[in-house]
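Asker: Top line first, the protein sequences correspond to chains X and Y.
When you line the first sequence up against the working numbering, it's residues 1 to 193, in that order.
When you line the second sequence up against the working numbering, it's residues 194 to 386, in that order.
Don't be surprised by glycine CBs; every beta carbon is placed ideally from N, CA and C.
No experiment lies behind these values; they were computed from the predicted model shown.
I have a structure I would like to understand better, so I am pasting it below and will then ask my questions one at a time.
2 protein chains.
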Amino acid sequence: MTPGRAVRTTLEYALIGLIRQMPRSGYELRKVFVETAMAGYSGSPGAIYPALRRLEADGLIQGTKQPGERGRPRREYRLTPAGEAVLQEWLAQPVTRDDVALRLDELMLRFAFLAYAADSTRRTLEFLESLEAHLEALLVDLHQQIEAVDAASRHVPITHARLALEAGISSIADRLRWAREARARFSTTGGKE
Amino acid sequence: MTPGRAVRTTLEYALIGLIRQMPRSGYELRKVFVETAMAGYSGSPGAIYPALRRLEADGLIQGTKQPGERGRPRREYRLTPAGEAVLQEWLAQPVTRDDVALRLDELMLRFAFLAYAADSTRRTLEFLESLEAHLEALLVDLHQQIEAVDAASRHVPITHARLALEAGISSIADRLRWAREARARFSTTGGKE
DNA sequence: CTCGGCATGTAATCCGTTACATGATTCT
DNA sequence: AGAATCATGTAACGGATTACATGCCGAG
Numbered sequence: 001m002t003p004g005r006a007v008r009t010t011l012e013y014a015l016i017g018l019i020r021q022m023p024r025s026g027y028e029l030r031k032v033f034v035e036t037a038m039a040g041y042s043g044s045p046g047a048i049y050p051a052l053r054r055l056e057a058d059g060l061i062q063g064t065k066q067p068g069e070r071g072r073p074r075r076e077y078r079l080t081p082a083g084e085a086v087l088q089e090w091l092a093q094p095v096t097r098d099d100v101a102l103r104l105d106e107l108m109l110r111f112a113f114l115a116y117a118a119d120s121t122r123r124t125l126e127f128l129e130s131l132e133a134h135l136e137a138l139l140v141d142l143h144q145q146i147e148a149v150d151a152a153s154r155h156v157p158i159t160h161a162r163l164a165l166e167a168g169i170s171s172i173a174d175r176l177r178w179a180r181e182a183r184a185r186f187s188t189t190g191g192k193e
Numbered sequence: 194m195t196p197g198r199a200v201r202t203t204l205e206y207a208l209i210g211l212i213r214q215m216p217r218s219g220y221e222l223r224k225v226f227v228e229t230a231m232a233g234y235s236g237s238p239g240a241i242y243p244a245l246r247r248l249e250a251d252g253l254i255q256g257t258k259q260p261g262e263r264g265r266p267r268r269e270y271r272l273t274p275a276g277e278a279v280l281q282e283w284l285a286q287p288v289t290r291d292d293v294a295l296r297l298d299e300l301m302l303r304f305a306f307l308a309y310a311a312d313s314t315r316r317t318l319e320f321l322e323s324l325e326a327h328l329e330a331l332l333v334d335l336h337q338q339i340e341a342v343d344a345a346s347r348h349v350p351i352t353h354a355r356l357a358l359e360a361g362i363s364s365i366a367d368r369l370r371w372a373r374e375a376r377a378r379f380s381t382t383g384g385k386e
């Protein structure tokens, strides 16, 4: 059985994935969040360092003091076999409807790290297929909701609420297009070429 | 000065806006979150009822026992003048870059309630203009990041990370198109017609 | 030897989640 | 009276935010 709790926070998974990419220190990890599009998974020290401590306490990562070239020595973390197992388990998780509707960004994080999955290409294709199916279903739902909004406000020409809903619909449709094209690319190249 | 803390949680603003639309009970508010696209602002009772208590304690909403037709009587909340003031203050907030990059969904919530802003049409246009400007800037940034990714992984044909980044870019571009069209519609009709 | 910048950490506070418990009314 | 249902509440817990504090090294 895996050490620590069964389910981890999004931030923890983000850290695990980044460390899997290459061994890194807390400071480097923080810079990734601050400087790249991965902001939003939070880069505050008050979140990262405790999370790293938890992961190390649960044996998923291991830190080694790295005599820095200048300044205070960094503590470089690398993934343990247990950590690799947790990563694989996460990547193998099915894509649920709630994931798509409520936590799409965590899903995209998972997609990004699907590169490290065992049998990566197959898993990636499955992931995208499932994502597409749920996005399609969601679109149907949202179109029904927009009809409800229209019915409720017959006289008013454009309500803010309707426009906001349209933004949501458009964004789902956009992601669906993305998924289809991504899958097409993976299907032809097999992810390798 | 306004009672209570200066800044409120997204959930609280969502509640304030919905109550502004029409007086509602906690149960009704919960249904809105569960049944509509507003899920994601959380609909758990453990979040809603305490939030309503906070708002009432701070004098932003006022609940009155409403003898229900069946079942336990509902507690119907309506906005107080202080609550209206807080709502207006929130709606008048400038659109910052961090809002756009990190909290786009809260921004869309604000947009939806901009219908209730004093001088709604003008504020809406300003909101959209500012949103567009920040989205454009963000797009430039993200395109630079994708070049960095390309430089880092020259040989590999499609990396998952690059695809995930493309999804983000596409989604920002999509929202930008939405904002432009929304503004066009508001400009011509003046939001009324 | 202290200054400044790199790197890590911590303390207070607060909100949301989950799961459970309770209140109030009608129907049978 | 009890069941069913509508509606509200609460208790335990954990993690994120914010703001601050500390450690360690080289340069001057």
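Could you give the DSSP three-state label for X:L60: helix, strand or coil?
Answerer: In this structure, X:L60 counts as coil in the three-state DSSP scheme.
Asker: Is it the case that the segment 23-31 of chain X contacts the segment 71-78 of chain X, given that we only count it when at least three CB pairs across the two stretches are under 8 Å?
Answerer: Yes, they touch.
Asker: Using a cut-off of 7 Å between C-beta atoms, extract the partners of X:S170 located in chain Y.
Answerer: Residues of chain Y passing the Cβ test: D367, W371.
Asker: Quick one: what's got a C-beta closer than 8 Å to X:T159's C-beta in the same chain, skipping five residues either side?
Answerer: Closer than 8 Å at Cβ, skipping near neighbours: V149, S153.
Asker: Whose CA, out of Y:L245, Y:A377, Y:R265, Y:F320, lies closest to the CA of Y:G256?
Answerer: Minimum Cα distance to Y:G256 is reached at Y:L245.
Asker: Helix, strand or coil for Y:Q281 per DSSP?
Answerer: It is helical.
Asker: Using a cut-off of 8 Å between C-beta atoms, extract the partners of Y:F226 located in chain X.
Answerer: Correct list: empty, because the minimum Cβ distance to chain X is about 11 Å.
Asker: So, under 8 Å CB-CB, X:L55 and X:L15 are touching, yes? Tell me the CB distance rounded to an integer number of Å.
Answerer: 7 Å between Cβ atoms; contact.
Asker: Have a look at X:L107, X:I146, X:Q145 and flag the residue whose alpha-carbon is nearest the alpha-carbon of X:T124.
Answerer: It is X:L107 whose Cα lies nearest to the Cα of X:T124.
Asker: When DSSP labels each residue in this structure, what does Y:Q259 get in the three-state scheme?
Answerer: Strand at Y:Q259.
Asker: At what residues does the beta strand (DSSP E) containing Y:L272 begin and finish?
Answerer: Looking at the DSSP string, the run of the beta strand (DSSP E) that includes Y:L272 is 267-272.
Asker: Could you name the residues of the same chain whose beta carbon sits closer than 6 Å to that of Y:R223, not counting the 5 residues immediately before and after it, in chain order?
Answerer: So the qualifying residues of the chain are G236, I241.
Asker: Check the Cβ of Y:L307 against every Cβ in chain X and list those closer than 8 Å, keeping chain order.
Answerer: H160, listed in chain order.
Asker: Alpha carbon to alpha carbon, how far is Y:P238 from X:P81? Give it in angstroms, no decimals.
Answerer: C-alpha separation (whole angstroms): 40 Å.
Asker: Quick check on the DSSP output: the alpha helix (DSSP H) that includes Y:L307 runs from which residue to which?
Answerer: From DSSP, Y:L307 is part of no alpha helix (DSSP H); its letter is neither H nor E.
Asker: Can you find a C-beta in chain Y that's less than 8 Å from the C-beta of X:A92?
Answerer: No, because no Cβ of chain Y sits closer than 8 Å to the Cβ of X:A92.
Asker: Could you check the C-alpha separation between Y:L295 and Y:P260 for me, to the nearest Å?
Answerer: Going from the Cα of Y:L295 to the Cα of Y:P260 covers about 43 Å.
Asker: Quick check: the Cα distance between X:R175 and Y:G252, rounded to an integer number of angstroms?
Answerer: Their backbone Cα atoms lie some 42 Å apart in a straight line.
Asker: Over what stretch of residues does the alpha helix (DSSP H) that includes X:H143 continue unbroken?
Answerer: Element bounds for X:H143: 120-152.
Asker: Assuming Y:L328 contacts Y:A372 (C-beta within less than 8 Å), just tell me the rounded distance between them.
Answerer: The pair is a contact, with the Cβ atoms about 7 Å apart (cut-off 8 Å).
Asker: Once you ignore the five residues that flank Y:A375 on each side, which residues in its own chain have a CB closer than 8 Å to its CB?
Answerer: Taken in chain order, the residues that qualify are L321.
Asker: Against chain X, does Y:R378 count as a neighbour if the rule is that its beta carbon must be under 8 Å from one of theirs?
Answerer: Yes, its Cβ sits closer than 8 Å to a Cβ of chain X.
Asker: Are the beta-carbon atoms of X:S130 and X:V95 separated by less than 8 Å?
Answerer: Cβ distance < 8 Å, so X:S130 and X:V95 count as in contact.
Asker: Measuring CB to CB, does Y:R315 end up less than 8 Å from Y:I339?
Answerer: No. Outside cutoff.
Asker: Name the chain X residues that come within less than 7 Å of Y:T229, Cβ to Cβ?
Answerer: Neighbours of Y:T229 on chain X, chain order: Q145.
Asker: Does DSSP put Y:S380 in a helix, in a strand, or in coil?
Answerer: If DSSP states are grouped into helix, strand and coil, Y:S380 belongs with the helices.
Asker: Which one or two residues does DSSP pair with Y:S156 in a beta bridge?
Answerer: Here chain Y has residues from 194 to 386 only, and residue 156 of chain Y is not among them.
Asker: What residues from the segment 121-138 of chain X come within 8 Å of chain Y, judged by C-beta to C-beta, listed N to C?
Answerer: Within the segment 121-138 of chain X, the residues whose Cβ lies closer than 8 Å to some Cβ of chain Y are T124, listed in chain order.
Asker: Determine, using beta carbons only, whether X:L142 and X:L165 come nearer to each other than 8 Å.
Answerer: Against a cut-off of 8 Å, the Cβ pair of X:L165 and X:L142 comes out as a contact.
Asker: From Y:K258, Y:A308, Y:T203, pick the residue whose C-alpha is nearest to that of Y:G233; which is it?
Answerer: Nearest of Y:K258, Y:A308, Y:T203 to Y:G233, Cα basis: Y:T203.
Asker: Can you have a look at Y:E262 and say buried or exposed, based on whether 16 or more other CB atoms are within 10 angstroms of its CB?
Answerer: Label assigned to Y:E262: exposed.
Asker: Could you pull out every residue in the same chain whose Cβ sits closer than 6 Å to the Cβ of Y:D420, ignoring the five residues on either side in sequence?
Answerer: There is no way to answer for residue 420 of chain Y, as the model of chain Y reaches only from 194 to 386.
Asker: I need the DSSP call for X:P157, collapsed to helix, strand or coil.
Answerer: X:P157: coil per DSSP, three-state reduction.
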